[in-house]
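Sequential numbering of the sequence shown, starting at 83, is according to our numbering. Glycine is no exception: its CB is placed at the ideal position from the N, C-alpha and C atoms. Just so we're clear, the structure is a prediction, and the values are computed from it rather than from any experiment. Inspection log for the structure reproduced underneath, given as structure tokens.
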Amino acid sequence: MGAKTVLIEGGAMLNYAALSEGVVDEIYHTIAPEVSGERGAASLADGPRPLGEPFLALRLLECNAADTGEVFLRYKVGQEGEWKSRN
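Encoded structure:
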């Protein structure tokens, strides 16, 4: 049967693994109005090599701002060559 939708709420290493395997079609990302400034702060994906050449291409599908200052983003993950990424 198989699942149509799977929510991954892991850390940077799990996100990297899923993205590098090509099993992610959308990314939901929340930006909070806070800055850590900590050296080595976590990123969205952390792995041994880049996810794309030079980046994994994302296309913005939705952007909503809350009264709290948070911004909720929804991206489509591009396949290699699907969208031109910045150079």
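Environment of residue i [buried if 16+ CB atoms lie within 10 Å]
i, result
"Y157", "buried"
"V88", "exposed"
"A124", "exposed"
"L101", "buried"
Residue nearest to residue i in terms of C-alpha spacing, selected from the options
i, options, result
"D149", "A139, P130, A114, L142", "A114"
"G151", "H111, E116, R121, L143", "E116"
"A94", "L142, A85, G122, L143", "G122"
"P132", "K86, G92, E103, A85", "E103"
Beta carbon of residue i nearer than 9 Å to that of residue j
i, j, result
"L146", "A127", "The amino acid at residue 146 is misidentified as Leu; the sequence shows Asn. Cβ atoms of N146 and A127: not closer than 9 Å."
"A99", "G134", "no"
"V105", "L138", "no"
"L140", "I109", "yes"
One or two residues paired with residue i in a DSSP bridge
i, result
"T87", "Answer is none; T87 lacks a bridge partner."
"R121", "The partner list for R121 (beta bridge, DSSP) is empty, contrary to what the question assumes."
"T112", "F154"
The beta strand (DSSP E) enclosing residue i, as first and last residue numbers
i, result
"L142", "140-147"
Residue range of the alpha helix (DSSP H) that includes residue i
i, result
"L96", "94-102"
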